[in-house]
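Student: Residue numbering for the sequence shown follows this note's numbering, beginning at 468 and increasing consecutively.
Glycine residues also receive a C-beta, built at the ideal position from the N, C-alpha and C atoms.
The structure presented is a predicted model; accordingly, all values stated were derived computationally and were not measured.
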Amino acid sequence: IAVQSGNNAVLKAMRRRHTVEEFLTLVDDIRKIRSDAEFGTDAIVGFSGETKEQFMDTVELFKKVRFSVAFISMYSEREGTRSQKNLKDNVSLEEKKWRHGCLTKVWKKYKP
């Protein structure tokens with residue numbers, strides 16, 4: 468399940484159709500039916516305008532859900548996309564690398 472971010476403002480900027488709360492409700496509902504269910508996800512770190520505090524919401528989500536598999540990407544502009552046209556890529560590459568490493572470490576520590 469591609470959560471992408473653990474922060475609602477970032478999800479909205481990404482034009483995702485779900486909230487963090489809806490995602491967590493889905494995870495809880497599945498675990499009620501099957502307590503041994505494992506989850507995989509995709510996440511993007513360093514999305515346009517993402518603050519360190521918003522990134523930390525994603526870290527907390529990873530701790531809570533304990534994903535078995537995670538594909539963590541650093542945001543990069545893609546030619547012709549809405550975000551490339553309308554949003555400034557204002558998170559430095561150095562910061563994106565730090566966030567990628569941090570989230571990867573958290574995922575490895577908390578995965579089942």
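Alpha carbon to alpha carbon, how far is V512 from V573?
Tutor: Taking the sequence shown and counting its residues from 1, the one referred to as residue 512 is at position 45. Taking the sequence shown and counting its residues from 1, the one referred to as residue 573 is at position 106. So the alpha carbons of these two residues sit roughly 13 angstroms apart.
Student: Which residue marks the beginning of the alpha helix (DSSP H) containing A469, and which one marks its end?
Tutor: Stepping through the sequence shown from its first residue, residue 469 is reached at position 2. Where A469 is concerned, there is no enclosing alpha helix (DSSP H), given that its DSSP letter is neither H nor E.
Student: Quick one, which of D503, F538 and H567 has its alpha-carbon nearest F451's?
Tutor: The structure shown has nothing for residue 451, since the chain only spans 468 to 579.
Student: How many Å lie between R501 and T508 at the Cα?
Tutor: Numbered from its first residue, the sequence shown carries residue 501 at position 34. Numbered from its first residue, the sequence shown carries residue 508 at position 41. Going from the Cα of R501 to the Cα of T508 covers about 18 angstroms.
Student: Whole angstroms is fine: what's the gap from D524's alpha carbon to G473's?
Tutor: Here residue 524 is taken as the residue at index 57 of the sequence shown, counted from 1. Here residue 473 is taken as the residue at index 6 of the sequence shown, counted from 1. Approximately 5 angstroms between the Cα atoms of the pair.
Student: To the nearest angstrom, how far is the alpha carbon of I497 from that of V477?
Tutor: For the purposes of this step, residue 497 is taken as the residue at position 30 of the sequence shown. For the purposes of this step, residue 477 is taken as the residue at position 10 of the sequence shown. Roughly 25 angstroms separates the two Cα atoms.
Student: According to DSSP, which residues form a beta bridge with F538?
Tutor: What you label residue 538 is simply residue 71 of the sequence shown in a count that begins at 1. F538 pairs with D509.
Student: May I have a chain-ordered list of the alpha helix (DSSP H) segments no shorter than 4 residues that lie completely inside the segment 476 to 525?
Tutor: The segment 476 to 525 contains these whole alpha helix (DSSP H) runs: 487 to 500.
Student: Over what stretch of residues does the alpha helix (DSSP H) that includes K578 continue unbroken?
Tutor: Locating residue 578 in the sequence shown gives position 111, where the first residue counts as 1. Per DSSP, K578 belongs to no alpha helix (DSSP H) and is neither H nor E.
Student: Excluding sequence positions up to five away, which residues of its chain have a Cβ less than 6 angstroms from the Cβ of D556?
Tutor: Stepping through the sequence shown from its first residue, residue 556 is reached at position 89. Excluding residues within five positions, the ones whose Cβ falls inside 6 angstroms are S515 and E544.
Student: When burial is assigned at 16 or more other CB atoms within 10 Å of the CB, is E517 buried or exposed?
Tutor: Your numbering for residue 517 matches position 50 in the sequence shown. E517 is buried by the Cβ-count criterion.
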